[in-house]
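Taking it in order: structure first as structure tokens, then the write-up.
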Amino acid sequence: MKIQRPKKKLILFFSAIIICIFIVSQIFSDNKMKKADTYIETIKLPDPLTTGKMSVEQALYQRRSIRNFKNISLTLQELSQILWAAQGITDKTLNFRTAPSAGATYPLDLFVAVGNVDSIKQGLYKYNPSNHTLTLIMFGDKRIELANAALGQKAITTAAVNIIFTAIVERTEKRYKERALQYVYIETGHAAQNVYIQAEALNLATVAIGAFYEDKIKKVINTAALPVYIMSIGKK
Ligand SMILES: Cc1cc2nc3c(=O)[nH]c(=O)nc-3n(C[C@H](O)[C@H](O)[C@H](O)COP(=O)(O)O)c2cc1C
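Here the sequence shown is numbered in this note's numbering, starting from 358 and rising by one per residue.
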């Protein structure tokens, strides 16, 4: 009997350790699941509208670069409309888009840094024109990091959303060789102007930002693509 008591204690001790290990491993595997889930999270954007309240002429006349935004969220419909204006598909048979593209090579990929949009968590997303969805790349508010990579421009930190226009130049290079880079910049201008006009038609504020360090932006959004432009968007 005297020999058995310490054995009992030992068994109890080891059982407690095994239970602890089991609980901790469950917590870790739960976290892993969450990370995996977030990586594949896809958000279906509302269908864009093809009619609006403001004429093209009026939007062109009124458009201005605006760098001060109210601290009010954008609706998902507004974000949907802006992304569609930039790169949305308008011909499902030939996959043509709202903005022209040299030889329809479509080098642009849009990253969307969400700061304040209804029903979407803060994070970095990628826009998929083919099915008008957003894919989550990473969680978290990226506005300060983006602004730091863009000479501390305040518009980026206060915008509800920042769209980072990036390009995979090789897509255009295959066809247009050394003209490709020029075409990529021209094409980004087309897409960005669409955003200016669409924003005005929705009574939203936007500014195009070209002053940033490409390498720093690449790090913030974790891409090898070429960052060409940022558009900060918010409520007037
Ligand atoms: C290529 C390009 C780069 C620009 N970069 C910036 C920028 O880094 N920051 C900014 O506040 N505005 C930037 N702008 C916006 C211009 O400052 C703005 O268009 C100009 O002042 C004229 O004003 P408007 O757009 O209201 O007509 C840029 C515009 C272009 C076309």
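Don't be surprised by glycine CBs; every beta carbon is placed ideally from N, CA and C.
Only a predicted model underlies this, so the values are computations on that prediction, with no experimental measurement involved.
Can the beta-carbon of residue i be found less than 8 Å from the beta-carbon of residue j?
i	j	result
residue 590	residue 507	no
residue 480	residue 460	no
residue 529	residue 423	no
residue 437	residue 403	yes
residue 555	residue 442	yes
residue 567	residue 586	yes
residue 494	residue 482	yes
residue 526	residue 583	yes
What is the rounded straight-line gap between the Cα of residue i and the Cα of residue j?
i	j	result
residue 468	residue 401	15 Å
residue 388	residue 491	Because the pLDDT at residue 388 is just 43, under 50, the model does not fix this residue reliably, and the value given afterwards should be weighed accordingly. If you take the alpha carbons of residue 388 and residue 491, they lie about 23 Å apart.
residue 434	residue 573	31 Å
residue 571	residue 533	23 Å
residue 500	residue 577	10 Å
residue 407	residue 557	15 Å
residue 474	residue 432	6 Å
residue 575	residue 446	26 Å
residue 512	residue 426	8 Å
Quick one: does the C-beta of residue i sit closer than 7 Å to a heavy atom of ligand 1?
i	result
residue 415	no
residue 581	no
residue 424	yes
residue 543	no
residue 510	yes
residue 477	no
Which residues share a DSSP beta bridge with residue i?
i	result
residue 481	470, 495
residue 462	In the DSSP output, where bridge partners are listed per residue, residue 462 has none listed.
Counting contacts by CB-CB distance shorter than 8 Å, is residue i in contact with chain D?
i	result
residue 487	Of the protein chains in the structure, only one exists, and it is not chain D.
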